[in-house]
Amino acid sequence: MKIFNTLTRTKEEFVPLEPGKVKMYVCGPTVYNLIHIGNARPMIVFDTVRRYFEYKGYQVDYVSNFTDVDDKIIKKAIEEGVDADTISKRYIAECKKDMEGMNVRPATRHPLATEEICGMLDMIQTLIEKGHAYAAEDGTVYFRVKSFKDYGKLSHKNLEDLQSGFREIKVTGEEGKEDPNDFVLWKPKKEGEPYWESPWCQGRPGWHIECSVMAKKYLGDQIDIHAGGEDLIFPHHENEIAQSESANDKPFATYWMHNAFLNIDNRKMSKSLGNFFTVREISEKYDLQVLRFFMLSAHYRSPLNFSADLMEASKNGLDRILTAAERLRELKGKAKEEKLSSQEEENAAVLAALTEKYEAAMDDDFNTADAISALFEMVKLANSTASEESSLAYVNLLLEKIDMLCQVMGILTERKKEALDQEVEDLIAKRQAARKERNFALADEIRGKLLEMGIVLEDTREGVKWKRV
Ligand code: AMP
Ligand code: ZN
């Protein structure tokens with residue numbers, strides 16, 4: 001398997017630290033609002049990476065945090081007149097609901113920053129003792145960037161360039177910094193903010209330290225993969241490397257993976273620009289499997305532009321797969337022969353070749369776009385070769401393969417009943433509209449489509465009724 005490593009900017013063969021195991025850390029969201037579909041991209045992408053490793057037989061230890069102490073959470077708490085904890089707990093619960101809707105499996109662990117303060121104090125203390133950090137007079141503790149010779153290796157920046165960028169900028173409140181590049185590990189509390197006791201001052205952690213501490217505690221000093229959106233490369237991940245490698249004296253993560261942005265009108269979707277849709281909003285219009293399918297239709301390192309057209313295309317594409325799987329399930333009940341015929345054996349060889357195509361795409365830095373093309377070819381094969389004359393073995397072979405390869409993408413091939421009911425209702429509404437416009441050809445076409453789905457319509461005085469046959 002090959003993975004594009006941001007650290008080396010090349011695709012590298014995946015070699016785990018421990019054979020058969022993958023230790024993976026993915027930076028999670030800051031919980032002060034419902035997540036938007038930009039935040040959903042890394043969740044879906046890295047959940048798929050995890051599933052594919054498992055498909056290949058690896059045991060994956062997957063850790064993803066919730067940042068539950070942060071300026072934005074505190075601001076929101078003040079606005080609502082509640083404490084920060086109320087805000088973060090509420091949005092963690094909401095985020096978990098969205099994850100479930102998108103079939104993003106819970107991580108092996110979801111640590112919370114506020115529950116890991118002790119570990120952060122320990123790591124900061126170690127960094128001070130080793131000369132990598134210092135406390136300023138006001139109790140702020142800074143990481144001494146110059147003390148870490150590899151600073152910049154992930155983002156491919158050099159310290160001199162960073163230095164010149166800072167020359168003119170003086171930030172009030174940071175007078176105790178030795179160097180403008182130094183970053184905060186611990187900061188003094190402000191009035192009304194949550195705080196913890198520490199040897200330096202009553203205060204709270206900077207953002208970067210939590211991930212170094214949680215990765216160490218739950219996965220160890222060295223991990224295989226560290227991942228997140230590409231906006232995290234600098235400064236967040238660069239700073240995590242500086243902290244972890246200085247504290248542990250070991251290389252931190254072997255592979256750094258970063259997803260490109262989900263854009264809208266070619267600009268990054270973000271809370272601050274206000275150009276976002278929440279996952280919740282999308283769920284009102286679509287089954288969230290459609291969102292998942294849409295996200296995986298592009299390679300994770302390519303920017304992806306969100307649009308209604310692309311969502312509709314994803315809906316139709318997903319529909320084709322689900323309808324094919326449904327038909328195969330029906331055919332299972334009708335098969336007369338048990339064993340493969342000689343023609344079916346030839347078709348089975350085509351199916352095996354398509355499986356190899358799927359795996360080759362996924363082995364090549366998780367190219368889900370090409371893997372989905374292979375899936376579509378399988379659907380085509382199923383639609384053109386499976387019939388009531390097929391053997392049970394052949395129908396099972398097709399169904400199990402399509403089902404499993406969809407599951408690797410986090411797609412369930414059995415439609416949720418509510419989603420299906422909604423789809424039927426929508427089609428009936430469309431047929432009614434067509435009839436009203438006296439477009440009987442379209443109305444008949446829709447009736448035919450419904451019939452294919454096993455839905456029979458009955459036009460009654462009270463309106464259209466439908467039942468499954
Ligand atoms: P945040 O809550 O802003 O820290 O973001 C949580 C995760 O979502 C991080 O991995 C970000 O890189 C990622 N993220 C935020 N916005 C986008 C976007 N528009 N496209 C892709 N990933 C994003
Ligand atoms: Zn992080």
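full-length UniProt numbering applies: residue 1 is where the sequence shown begins, and numbers increase by one. Ideal Cβ positions, reconstructed from N, Cα and C, are used throughout, including at glycine.
According to DSSP, ARG109 shares a beta bridge with VAL63.
Distances from the CB of CYS201 to the heavy atoms of the ligand ZN are all 6 angstroms or more. Residue side-chain check: LYS268 places its Cβ nearer than 6 angstroms to a non-hydrogen atom of the ligand AMP.
Counting every other CB atom within 10 Å of its CB across the protein chains shown gives MET362 a total of 16 or more, marking it as buried. Under a 10 Å Cβ-count criterion, ASN5 is classified as buried, with 16 or more other Cβ atoms of the shown protein chains found around its own Cβ. Secondary structure remark: continuous alpha helix (DSSP H) runs of at least 4 residues inside the region 5-35: none found.
Burial of GLU116 is indicated by the presence of at least 16 other C-beta atoms within 10 angstroms of its C-beta. The beta carbon of GLU137 is closer than 8 angstroms to those of GLY176 in its chain, skipping five residues each way along the sequence. Sorting LYS146, GLN289, TYR394 and LEU7 by C-alpha distance to the C-alpha of LYS334 places TYR394 at the top. Looking at the backbone, the Cα of ARG431 and that of GLU458 are separated by about 13 angstroms. The region 32-102 contains, as complete beta strand (DSSP E) runs of 3+ residues, the segments 59-64 (chain order).
The Cβ-Cβ distance between PRO194 and ALA84 falls below 7 angstroms. For VAL141, the enclosing beta strand (DSSP E) has its first and last residue at 141-143. Taking the Cα positions, LEU354 is about 20 angstroms away from SER387. The set of residues whose C-beta lies within less than 5 angstroms of a heavy atom of the ligand ZN reads, in chain order, CYS27 and CYS211. Nearest Cα to MET24 within the set ILE223, ARG438 and GLY192: ILE223.
Distance from the C-beta of ASN181 to the nearest heavy atom of the ligand AMP is not below 6 angstroms.
Remark: the shortest separation between the CB of LEU296 and any heavy atom of the ligand AMP does not fall under 6 angstroms. Ranked by Cα distance from TYR300, the first of MET257, GLU160 and GLU326 is MET257.
CA-to-CA, the gap between LEU121 and ARG280 works out to about 37 angstroms. For GLN289, the number of other beta carbons within 10 angstroms of its own is at least 16, and it is reported as buried.
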